[in-house]
Structure formats: structure tokens, C-alpha cells
Amino acid sequence: MAEVTRRILELVGLNLERFRIDWASAAEAPLFVKIVTDFTETIKKLGPLGEAEGLDPETLKLRLAAARELASQSRFRAAYGNLARELKKAGDYSPEGIRARVEQKLVPIIKKGLLEAEIKHLLSKGPVSIDALLEKTGANQEDIVPILEALSKKGQIEKQGDVWQPKAKE
Amino acid sequence: MASKKSGKVLVLGGGITGVQAALDLADLGYYVYLVEKKASIGGVMAQLDKTFPTNDCSI
Amino acid sequence: MAFDPKILSFFCHWCCYAAADSAGVARYQYPPNNRVIRVMCTGRIDPRFIIEAFYAGADGVLVGG
Amino acid sequence: MEAGRSPNIEIITLAELKELSGKPGNFKAKLHIRPRYVDPLKCTSCGMCTTYCPKEVVDEYNERLTFTKAARIDYAQAVPTVYYLDEKECLRLQHESCQLCANVCGPNAIVFDQQPEERELEVGAVVLALGFGRVPEEVLEKYGYGKYPDVLTSLELERLTCASGPTEGEVIRPSDFAHPQRIAFLQCIGSRDVTCDNGYCSSVCCMYAMKEASVVKEHLPEAQIDLFFMDIRTQGKGFDEAFNRAVEKYGFRTIYARVPRVDQVGRRLALTYVTEDGKTHRDFYDMVVLSVGLDAPADAEVLSQRLGVELNHYGFAKTRVAAPLETNVPGIFVAGAFQGPKDIPESVVQAQGVAAECSELLAEVRGKDAIHKEFPPEDEELERLEPRIGVFVCHCGVNIAGVVDVKEVARYAASLPGVVYTEDVLYSCSQDTLNELVKKIRENRLNRVVIAACSPRTHEPLFQETLREAGLNPALIEMANIRDQCAWVHAEDPEAATEKAKDQVRMAVAKAARLAPLELQRVSVTPSALVIGGGAAGLQAALSVANQGFEVYLVEREAELGGNLRRVTGLLSGEKPQKILEDLIKQVESHPKIRVYKGTTVENVSGYVGNFTSTLRREEGSEVINHGVVILATGGREHRPERFGLGENERVLTQLDLEAELERRGGKLSRARSIVMIQCVGSRGDDLKYCSKLCCQQAVKNALRIKKRYPKKDVYVLFRDMRTYSFSEDAYREARKAGVIFLRYQPESKPELITKGKRLAVKVYDALLGEELLLPADLLVLSVGIAPGENEEISKVIKAPLTGDGFFLEAHAKLMPVELPVEGVYVCGLAHAPKPLDETLAQARAAAAKAAIPLAKGFVEVAPIVSRVDQARCIGCGICAELCPYGAIEMVKVGKRKKAQTITASCKGCGICASHCPVLAISMGGFTDEAILAQIEAFGAFVEREAEGKSKEEKAA
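Quick look at the structure:
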């Protein structure tokens, strides 16, 4: 869970120190206090969400909205579930093992899912040129084009001259 | 004929053994008096920091 | 004005949430920036929750098992 | 510590048993109860009395390492969570001079004139769980304790390493508060020591020393730690492995030597000791930890006289191998360390076993005196209405209100969506407020309740009960923790604390609006048990379940009952093992409630707790049975490795073979002049990774039997560590006195078998002589250990996991030693781990007690936090079923497709299934996605409001 979440946040562009997972047993109140205090300090040092990352509020909102969508998408969730299943079978809970598998199995799906969700979000507000898409998402041409084509094949969007736009519902 | 036996049990000692016995007896349908000479139950186990080998808090 | 971060925490009922209670009983003091959501186990936590938390504007998310 | 909540457990503290009369089933017990001086019904455990109490007292709970007050609670989680006044220390009670606590106590709970009370109880049975006592300080004095401040006991160190202890977990030496660099642990302090009349082994110290050493090392990674052992006795399940891992990880030095004394030289402590090679050493340490043993409980003597209960010569309760939990007085049982020094898992086993003993004795009156609470029916119509939320904000006296602006929080709550009623209350948990709460719920037709007060961990059950009394489903409450996690921890910043309280209330209200009534599910139970395995464990378990009044199917794969016990011919206690076995078999075979299936195997167990269906296969054909629970007593088998010529040479035997020879007239044994026994053959690292726990006792027992019959024969025992723990240490000492020669060998230089023509000899390195010895072995007896039996097959049938060593993995190594992760399945005897007969019999009863719980209830109640699968959404991927740690999700056919389905009786509510479902088809009772997302969203409002506030400020500026 933690590793996958981290990778998503990383792709969103957030500082990974903003998300921490830690443990304290019922008897470890002082440890708990230390965890909370340290974490608060860390966040204080980082500064407000987005600002510290150099993300303008609009981009931040867009990226997080895309991440939200991704996280409820069944394609991503199935891959995530399957990965957990695989890890349990292999009995491999070493950080390296988890990282390697997440990198191999999930990161491509996350990348693609995020980009797709961003594109959809951008297009939902009206026609956008490919250059504008490239600029807003910060992605490469070779990543964006296949997604646009796939979406248009599904009949969700269409190309009108230089710009892409959502396909009018018939 | 109804039995004249009492359905209650007296457990003397509120350490981990006494507490566990009381819990199981209550679950089995008996009323338990858990009698401890100190002001609270828990015994020495409550003084232990962690227990081996799982090192969890255990209470 | 100093930056006052907003932190959302997810605590496991059996462990961190209990530790947080113990911290209270012992009257330890810590910064008042976190808000807590209790779950029965950290296994309940879905990556979705973390992302939603940031979407809701959290500056930090802490998961405590 | 759920004992505090059960309506059927009445905790009577500060009490002592004065007198007992009557007979089993009808005892009269007289208690003397000392006053607490605090009314438990009024005390809200706010701690004001301790804060204001002027009298400082040495803190016994913290091993006298710090101070506490005369008005106190021993530790925060104590049960009952009620403070008390220390009679001997309180200024008021001693000198009539102070009443500060009474002045500051909000709920007026202090009662200075409380009097001691005598109380008479009628009970059917008595359990003595007196625990253990402390080794007298005189014994510790010879190790410098009391004289040199840096000599600590293990329990003192335990408090030092504890994060909530006097140093907050910092390990420092008392003399100068410096971090010790070199630390020595001395074992067997007050144990295995006839000079202090504690000839027995305390059984737990080796393991706890290793635990403490590891914890110290976590705190002080630089520290160098040496541990001085006589023998390393880590015979418990998984202990050897944990021990070795710790030694390797932390680089501890383990030294075989008994340190006779401790001296202080300058600021350090000097240890002078002789190692097994005869060399004398002198080393210096900054801190010395005494691994103090367990003494007999202090009040044992007095109590034994009052009750007529016999003690052994060390002052522990005297019991027999055949009945380890029974005292000589019928109806009075014993469990835990009072029966003999033992670790936590064995204590828990005995506690559960003793519950079975009582339950057998009182089977006919089960439930007679148990309390059942009745509630009015739920107002389902009201529950279906749009949320009508009532918010109650608690002052908790000054505990919350002293920091948080409670009135402001209540005002704010009234503005939240769905809230129709708000009120701030002084003490929400006091009985009169609870009654008031019921009234308010009814009057205002509330269908959701938010209590902003303390922790749901401690108080939610109480408020849930209140809801039920008001005719609402108990799931319709949500608590906002504004005390333990707010007022108490942000006392210096009331404004921020109030803001936090508001936010937590808003989040709670958001969640409350999405709470749904949850049915407390009850699954009925078939009142019978399947016991697999007809050895000592299976026989005892079957008998106990049957004696408690339930049907038992006892299945044994072989043609005869008895298992491994059939081959044992003697016991250290002098009891006759074959007599014990015969008695068990006779009782089992003649019991009207037990059906015995010999030559039978179990196939195909399906179902879940309360409702299992199994196929029993035997030659004549198979039979299908229904049963509510399963007890696994599948036993173990003698490990017979091809080492030292076992199986080839007829003069090489195992200990069990020797037991047969010992019963024979003439034969190999009588012809042998010199007998050599080798311990740990194939165990502790070779074929079996673990220690089999009982071989050392068995070797000592057999050596003694040989010496008794043939005093002139030479008997050698070659060992790594003699693990004659608890009272069997007496036999070890006796064997040495009788002339049995014990020689330690190192795992690096194991004994070797030398064959010269027809003669056998064993070559072994003697550390003291510094040379190799050649011992003639007319008979070579191998202690071969115990391998797992048919566990693997059964584990597949039952879907219960095994340990790496092939034994059944219990649900919790310490606290649930007979339960398996699969509900309704229990384990005992060698199937769980190797152990001697008395422990097997106690564990069999423990399994019988646990197994009888669902049978006695007649139903299994499922906390409504379980998962539920929306089968319309489920795509049948099976991820949830595989990830579930409790095997609580099964894949079933619905129409043509496979769908997931929760076995509610097995679900623990962890939510792994829900968080990993690709299509979000699984919801968790009380913790649904909707509810959690609503909380997150409500948290967001906190952010927005702050932002608004900021922009307002900016505008104003």
C-alpha cells in the first residue's frame, strides 16, 4: 500500500515526506508523540501543499483529481490487488522486493492512468490543442498520442483540426 | 431435579493466569469473582515492557 | 503568520490509536495539527484515502499502525 | 484487559480469601476487602487527586525507581480504571491532616471513612492463580544488589527500558545516569541454587534476559552485552530460533559460567568467574543485571493452611503429571506460576485448562448464575429516517472543559448538517447522565448519536449499550475523541485544541450521517466436537469436552488409542504412565458422549466455526458428520535419523527404545557395562531446527532408572545444554549425585561414534581436561527429538497454517496458544510443539475449554465490523479471498459465476479485502468507504475554513 501510494504521489509531483507510515504499539505513547511531533515538524519545514513543490494550485488540483480517478479505476485497482496477491504468495515483504515489483507491474499503469485522467479532465472543459495538452501535463508526445487515439477509438473524444475535444453525445 | 451446585467460580489472583481463566469461565457460562489483593489486576505482566519473541504489547 | 500545517492521520484501533490515548493519559504534549480517523487495522487503508486526503487539502498524511 | 467489561466477571480488588468451607460445587468463601477510599462508580479517572496529592511515595509499580503519590493509579491502563488512596501513606488517613484530593475531585469520589468489608461468596469451584513471589533480597545481596547502585534486577531493567517507565525508556546507570557501555546479565539468580533453597529452574529467565538484552541494544546500539549462563534454557516453541537470531543480530557474547559474586572497583563492577575450561577470568562492566528467578508466592503458605492445599518442598502447589491443574483438595484447582515457574504461554494454557476443569465440575449448572442483559426492540422505522443526529459534548469535569471551549464546540455542532440536537454535559459516562441520554434520544427522536468525549476504545461499548437501551442499533454511534487525543495533549494551546475538537466533531458528524444499523449476527452452532488424534492429548481433550456436556467424535488413524504415550514406561514423578493412559482410555471408551473411531482418517473438512461437515473414512466405508468445532491432537513422531548407526547397530537405541528395555528382565541393558547417552541428535540445527523440550528430562529420568537398578553401571550423558527446567532440575541434581556423568559438547565438535570390531565407543572433547575422551558405549542411547506428525495433510484439509518447523501455528504465540487463525479450530499436544506429558494434558484441557465456548453459547456472535461483499458488483477475481489473513472469504458459485462471500463468523474486520477490491464491491461494517471518505471530506472543510479565515485576516489588514 505504502509503496504504491508513494509512487502515485511522486508522479503527482508531491514531496514524499508528506506521507508517512509508522508504527507504535499501545504501550508506546512516547514513541507515538515523537512520531507525531517529528512529522508535524517535517511538514512545517516543507511548507504548504503544492507551494513547496512549485506546483501552481490549478496544476495541483488537476493532478490530484487525476490521481483520485486513477485510484478508483478498476484497471489500476485490479493490478494493485493482483500485486498484493503476488507478494503474499511469494512471501516477499522486503522493501526492495516490493519496490521492484511495483516498478515493474504498477508504475506503467499508474503513469498511463494518471495521464489519461488528466487529459480527460482538461478536455472536459472544452477543446484543447495538443501543444496545450503537452504543456499542462508535462508529458511527452509519444505518451500522449496513443492515449488520445485510444480515447477517440472508444468514441469518447474527437479531433477537430488542431484541437481535441470531447465527442458530442449522440 | 435441579442441581444445588453453584454456577459461580472464585478465581484467586488477578495476574495473566487469573484474568485468562476468568475470561474463559465467563465465556463458558459461569459467573466469576476475580479476587486480587492489589488495587488493580494485571499482575507482573502489566510491568513488562514487551514480550518475546513477538515483542508486542500483549495486553 | 507562521505556516500551520493541516495533517490527517489514520490510526489503527489496536496500536497507534491506543498509543495516542496513552499519550493523553500521560499528559504528553504534542502539536495540535493532526486530525484523526480511526480504522480497525491499517490493512483497511486504501491508496484512495491518502489521495483523497491530499485532494481535501492535507499538507501531510500520517498512517499509524 | 477485557475482563473489566464482562458482565459475568466481578473484579474484587484489595481483597484476600480468609476462609473456605463446603465441598466441590458448594463452597462458601469469606473475603476480607480493604478500603480503596475512592468510589469506583463516581471516579472518572481524571487524575486530579494524584496531581494535587502532596505526599510523595516510592513507586512500587516502577520497581522503586521513581516516585508516585499516595493518591494514585498504578498505571494508566489499570483495571479497574479507578484511583485509590494508599492507606499507609495518605496524610489524611494517617494523620487526619490533608484533604486536598477530596477538594479537587470533581465528582466527589473520595471517601475517607470507608471501612474494611467482609464478604461471603457462594461458589462451585476455586482457582488458585497466585502467580509467583519475589526472590528475597538477601539472596541478591551476594551479587552486590543494594550495595552497588549499578547492580539491577531484571524487573528494574524492564521498567527502565519501558517507554512509559521512569526514564521514558532511556537506559542509564543509576549511579551517574550515564549510558552503560558494557553490561553483564547473570542468570540463575535465586534459581538452581540450593544455598537459597531454590533448587529448581525458573524456566523463564534465559528467554527474558535475551529479550531485555535485545531491547537494551535497541536503545544503546553501542553497548556490549555479555550473558552468563549455566545452561541456555530456551526450550519453548520458537524460542531457540529467536534466541539465536538475537545473538547473531546484536553480537551478544554468551558465556558458560556461574559468576559467584560482584565487586565494585572504582566506578565499575568486576566479575570474577571460571569458564568450563577451568580458566579464571576477570572482567569489568558498567552495569550488571541479575536475572532473578520466580519464587513461590508469598501468601502460598498461609493460604495452603487455610484451604488444606498441599505444597511441594519449594512452596509451589503440589500437583501430579496426570492432573497438573488439580490440587489435593477436590474442587480447588491451580494454574500458572503457582503450579511451577513457567512462561506466559504455559500460564495462559493452564488458565484455559483450569477453566475446563471448573466447567467439567459444574457442567450441570452452566449458565445458572450468568447474567444476560435484555434490551428493548429497535425502532427500525426511526433508524430508516434521514439522519437526525444528536451531539453530546462532554466536559469530563475540567478534563476537557479546562482546555477546550466545550460550549463553543456544542454551538458549532448545532450548525452542522443533520444535527438536530446538541448539548454539553458534565460527565457523559456517569450513570445519571446515561439515563438522561436515553431520555434525550427518545424525546428528540434521534437516530444517530455523536459523543464528543474520551476514547471509543474505552467508552464506546458503554455508549453502545446506552443506545440499545434507547431502542437504537448500537452501530449508530460515533465518538469524537476530544479528551485523550485533544484536551489532554494540547493543554497549552486551548484555542488550537478547541479548533481541533470542532474538526473532530465535524468529522464524526459526517461519519455518523453515513452510519447504518448493523445486525449483530448470530450463527447457530452444532453442539459437538471433532477431535483428531487419539493420543494423550486427544484422549484428554475429548474427555474434557464430553465431561462439559457435549458430543465428541474422537478419530484415531491407528487401530489402537494411546499414541506415543504407549511407549513411555516411567515418569520422574514416580507415577505410572501406562496407568495414566489406561485410565484415560477406559474413561473415554465408556463415556456416553464420546464416539471413538479407530483406524479412521479425516477427509474433507468443510464449513466454519459452529458448522463443520467432515468425512470420516475407514475400511468399512465412510461416514459424514456435522460438528461445531475441531480439536487437532494429531501428535508427533519420534525422529529417527540415520546417525550414530541407529537402525543398523542393535546396540544403538533411542530413549523410547530404552524405555522398553528398562521394563525388560535381562536383555541388552543388563549386559551393558557402560551406557552413553547423546542429547540433541539431529535436533537444534541438524535435521530438526528446534529443541524438543522433553529429551533432557527423559534422559535424566532414564539415567536415574538405570542407576537405581544397576548402581555399578557407568552412565554418561553428552549434552549441549541440560534443559531440565522447572522442578525436573531436582532430578538432574539427583542424577549427578548418583554418579551419572554429564559432559557438555559444543555444536562445532559433536561426539563421534568409533567402531572397533564389535565394540562401540564415543569420542568427545572434554573442555575441562582440554582433550578428547573415548567413552566405551556398550549401549548408545540417542535423544532424537520429536518430528511433526501428519500435520501437513491435516493443515491442507483444515486450511490452518504451519510453522516453518511443521507444527501448527497458533493465533498468538503468547496469548492464544491453543487457538488457530481459523476460527473454531484448536490445537493441543505435540501437534502444537514438542512438550512433556503434563504440559500436553494441561493444553488438551485448554483446547477443550476454548472449543467448548461456542458449544456452550450455542451460537457464534459476530461483531458487526465484518466485511460484506456486494455480489452484484463482485467480478470474482478472488484477490480478497487470497489476501484475507483469516481465511474469512470464500469463493462461491452464484449462478454461473464465482463470487466472493464473507464467512462472517471468521472475519475480524481488518479491511484488507475492501482496500484491495478492484471494483470497490466490499464494504466494512462501521468503516465503509462512504463513511471514511465523508470523514476525509469533512476534514477538508477544516482546510477551507482556515483558508477563509486567512483571507479575512488579510482583508482586515
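Those protein sequences? They're chains A, B, C and D, same order as listed. Start counting the first sequence at 1; every next residue gets the next number (the numbering used here). Start counting the second sequence at 171; every next residue gets the next number (the numbering used here). Start counting the third sequence at 230; every next residue gets the next number (the numbering used here). Start counting the fourth sequence at 295; every next residue gets the next number (the numbering used here). Ideal Cβ positions, reconstructed from N, Cα and C, are used throughout, including at glycine.
Locate the beta strand (DSSP E) running through D:Phe757, then write down its first and last residues.
The count along the fourth sequence starts at 1 and reaches residue 757 of chain D at position 463. Careful: D:Phe757 lies outside any beta strand (DSSP E), inside the alpha helix (DSSP H) at Pro750 to Glu763.
query = If we call anything under 7 Å between Cβ atoms a contact, is D:Val659 one with D:Ile626?
reply = Residue mapping note: residue 659 of chain D aligns to position 365 of the fourth sequence, counting from 1. Residue mapping note: residue 626 of chain D aligns to position 332 of the fourth sequence, counting from 1. Result no, Cβ atoms of D:Val659 and D:Ile626 do not sit closer than 7 Å.
ask   = Taking 7 Å as the CB-CB cut-off, is D:Asp368 touching chain B?
value = By one-based count along the fourth sequence, residue 368 of chain D stands at place 74. So, interface residue.
For this session: Give the DSSP-derived three-state secondary structure of B:Lys178 in the structure shown.
Result: For the purposes of this step, residue 178 of chain B is identified with residue 8 of the second sequence, where counting begins at 1. Here B:Lys178 sits in strand by DSSP.
**Message:** Against chain C, with Cβ distances strictly below 7 Å, would A:Leu16 count as a contact?
**Reply:** The residue given as residue 16 of chain A occupies position 16 in the first sequence. So no, A:Leu16 is outside the interface.
inquiry  = With distance defined between alpha-carbon atoms, name the residue in D:Cys1207, D:Asp1223 and D:Val719 nearest to A:Gly81.
reply    = The residue given as residue 81 of chain A occupies position 81 in the first sequence. A:Gly81 has its Cα closest to that of D:Cys1207, out of D:Cys1207, D:Asp1223 and D:Val719.
* Of all the CB atoms in chain B, is at least one closer than 7 Å to the CB of D:Ala993? -> Residue mapping note: residue 993 of chain D aligns to position 699 of the fourth sequence, counting from 1. For D:Ala993, the answer is no, since every Cβ of chain B falls outside 7 Å of its Cβ.
Cβ-Cβ separation, D:Ser722 to D:Val1305 (assumed contact under 8 Å), whole Å = This structure gives no information on residue 1305 of chain D, because the portion of chain D shown stretches from 295 to 1251.
Taking a contact to mean a Cβ-Cβ separation below 7 Å, would you say A:Ala52 touches C:Ala248 in this structure?
Counting from 1 along the first sequence, the entry for residue 52 of chain A is found at position 52. Counting from 1 along the third sequence, the entry for residue 248 of chain C is found at position 19. Result no, Cβ atoms of A:Ala52 and C:Ala248 do not sit closer than 7 Å.
Give me, in chain order, the residues of the same chain whose beta-carbon lies closer than 6 Å to that of D:Lys987; leave out the 5 immediate sequence neighbours on both sides.
Working through the fourth sequence from its first residue, we reach residue 987 of chain D at position 693. Hits under 6 Å: Gln529, Pro1128 and Lys1129.
Under 7 Å, do D:Gly1152 and D:Val819 count as touching if we go by C-beta distance?
Along the fourth sequence, one-based indexing puts residue 1152 of chain D at 858. Along the fourth sequence, one-based indexing puts residue 819 of chain D at 525. Yes, Cβ-Cβ distance for D:Gly1152 and D:Val819 is below 7 Å.
Leaving out five residues before and five after D:Phe1101 in sequence, what residues of the same chain have Cβ atoms less than 7 Å from its Cβ?
Position 807 of the fourth sequence, counted from the first residue, corresponds to residue 1101 of chain D. Pro1082, Asn1085, Ala1125, His1126 and Ala1127, listed in sequence order.
Environment of D:Ala472 [buried if 16+ CB atoms lie within 10 Å] | Residue mapping note: residue 472 of chain D aligns to position 178 of the fourth sequence, counting from 1. With fewer than 16 Cβ atoms within 10 Å of its Cβ, D:Ala472 is classed as exposed.
Excluding the 5 residues preceding and the 5 following D:Asp525 in the sequence, name in chain order all residues of the same chain whose CB lies nearer than 7 Å to its CB.
On the fourth sequence, position 231 is the one that residue 525 of chain D refers to. For D:Asp525, where only same-chain residues beyond five positions count, the Cβ hits under 7 Å are Asp1015, Met1016 and Arg1017.
DSSP bridge partner residues for C:Phe239 (one or two, in chain order)
In the third sequence, counting from the first residue as 1, residue 239 of chain C sits at position 10. Its beta-bridge partners are C:Ile266 and C:Val292.
_With a threshold of 6 Å on Cβ separation, who are the neighbours of D:Val498 within its own chain once the five nearest residues in sequence on each side are excluded?_
As a working note, residue 498 of chain D is residue 204 in the fourth sequence. Excluding positions up to five away in sequence, the list reads Asp637.
Using only the alpha-carbon positions, how far apart do D:Val509 and D:Ser964 sit? As a working note, residue 509 of chain D is residue 215 in the fourth sequence. As a working note, residue 964 of chain D is residue 670 in the fourth sequence. In a straight line, the C-alpha of D:Val509 is about 53 Å away from that of D:Ser964.
Would you kindly work out how many angstroms separate the C-alpha atoms of D:Thr566 and D:Val433, rounded to a whole number? Taking the fourth sequence and counting its residues from 1, the one referred to as residue 566 of chain D is at position 272. Taking the fourth sequence and counting its residues from 1, the one referred to as residue 433 of chain D is at position 139. The alpha-carbon atoms of D:Thr566 and D:Val433 are separated by roughly 18 Å.
Less than 7 Å between the beta carbons of D:Val837 and D:Val896, yes or no? Counting from 1 along the fourth sequence, the entry for residue 837 of chain D is found at position 543. Counting from 1 along the fourth sequence, the entry for residue 896 of chain D is found at position 602. In the sequence as displayed, the identity of residue 837 of chain D is Leu instead of Val. Result no, Cβ atoms of D:Leu837 and D:Val896 do not sit closer than 7 Å.
Note to self: Could you pull the DSSP bridge partners for D:Phe533 from this structure?
What the structure shows: Locating residue 533 of chain D in the fourth sequence gives position 239, where the first residue counts as 1. Partner(s): none; D:Phe533 has no beta bridge.
| message | Rounded to whole angstroms, what is the Cα-Cα separation between D:Asn622 and D:Lys983? | response | For the purposes of this step, residue 622 of chain D is taken as residue 328 along the fourth sequence, with counting starting at 1. For the purposes of this step, residue 983 of chain D is taken as residue 689 along the fourth sequence, with counting starting at 1. The alpha-carbon atoms of D:Asn622 and D:Lys983 are separated by roughly 39 Å.
Please list, in chain order, all residues of the same chain as D:Gly341 whose beta carbon is under 8 Å from its beta carbon, the five residues on each side excluded. Reading the fourth sequence from its first residue, position 47 is the one you call residue 341 of chain D. Hits under 8 Å: Ile367 and Tyr377.
Practice problem: Please check if any C-beta of chain C sits within less than 7 Å of the C-beta of D:Met295. | Solution: Your numbering for residue 295 of chain D matches position 1 in the fourth sequence. Residue placement at D:Met295 is flagged as unreliable, the pLDDT there being 43, under the threshold of 50; a coordinate-derived value is accordingly withheld.
Where does D:Asn775 fall in DSSP's three states? Translated into positions along the fourth sequence, residue 775 of chain D becomes position 481. Three-state result, D:Asn775: strand.
Problem set entry | Residue from D:Phe546, D:Arg912, D:Pro443 and D:Cys1178 whose Cα sits closest to the Cα of D:Ala853 | By 1-based counting over the fourth sequence, the position of residue 853 of chain D is 559. Of the listed residues, the one whose Cα sits closest to D:Ala853 is D:Arg912.
Using CA atoms only, rank isn't needed, just tell me which of A:Leu11, A:Thr42, A:Gln104 and A:Ile43 is closest to A:Gly138. The sequence position of residue 138 of chain A within the first sequence is 138, counting from 1. It is A:Leu11 whose Cα lies nearest to the Cα of A:Gly138.
**Study point:** Continuous beta strand (DSSP E) stretch holding D:Gly930: start and end
**Key:** By 1-based counting over the fourth sequence, the position of residue 930 of chain D is 636. Gly930 to Glu932 is the extent of the beta strand (DSSP E) around D:Gly930.
- Query: Along chain D, in chain order, which residues have C-beta atoms closer than 8 Å to that of A:Ala117?
  - Reply: Here residue 117 of chain A refers to the residue found at position 117 of the first sequence. Ordered by position in chain D, no residue passes the 8 Å Cβ test against A:Ala117, which lies about 17 Å from the chain.
Are any of the Cβ atoms in chain A nearer than 7 Å to that of C:Leu237?
Numbered from its first residue, the third sequence carries residue 237 of chain C at position 8. So no, C:Leu237 is outside the interface.
Checklist line | Beta carbon proximity, C:Pro234 to chain D, threshold 7 Å | finding: Here residue 234 of chain C corresponds to residue number 5 of the third sequence, with the count starting at 1. Cβ-Cβ to chain D under 7 Å: no for C:Pro234.
Taking only the alpha-carbon atoms, compute the straight-line gap between A:Glu17 and A:Phe39 and give it to the nearest angstrom.
Within the first sequence, numbered from 1, the residue matching residue 17 of chain A stands at position 17. Within the first sequence, numbered from 1, the residue matching residue 39 of chain A stands at position 39. If I take the Cα positions, the gap works out to 9 Å.
Do you know how far the Cα of A:Val36 is from the Cα of D:Val643?
-> The residue labelled residue 643 of chain D in the question sits at position 349 within the fourth sequence. The residue labelled residue 36 of chain A in the question sits at position 36 within the first sequence. C-alpha separation (whole angstroms): 38 Å.
Residue-chain proximity (A:Ala90, chain D), Cβ-Cβ < 7 Å: Here residue 90 of chain A corresponds to residue number 90 of the first sequence, with the count starting at 1. Taking Cβ atoms only, chain D never reaches closer than 7 Å to A:Ala90, which makes this a no.
Checking contacts by CB at 7 Å: is C:Ala248 closer than that to chain A? For the purposes of this step, residue 248 of chain C is identified with residue 19 of the third sequence, where counting begins at 1. At least one chain A Cβ lies under 7 Å of C:Ala248.
**Q.** Paired residues, beta bridge with D:Ala564 - DSSP
**A.** Along the fourth sequence, one-based indexing puts residue 564 of chain D at 270. The partner list for D:Ala564 (beta bridge, DSSP) reads D:Asp557 and D:Phe578.
So the beta strand (DSSP E) D:Glu897 belongs to, where does it begin and stop? Locating residue 897 of chain D in the fourth sequence gives position 603, where the first residue counts as 1. Start and end: Thr895 to Tyr902.
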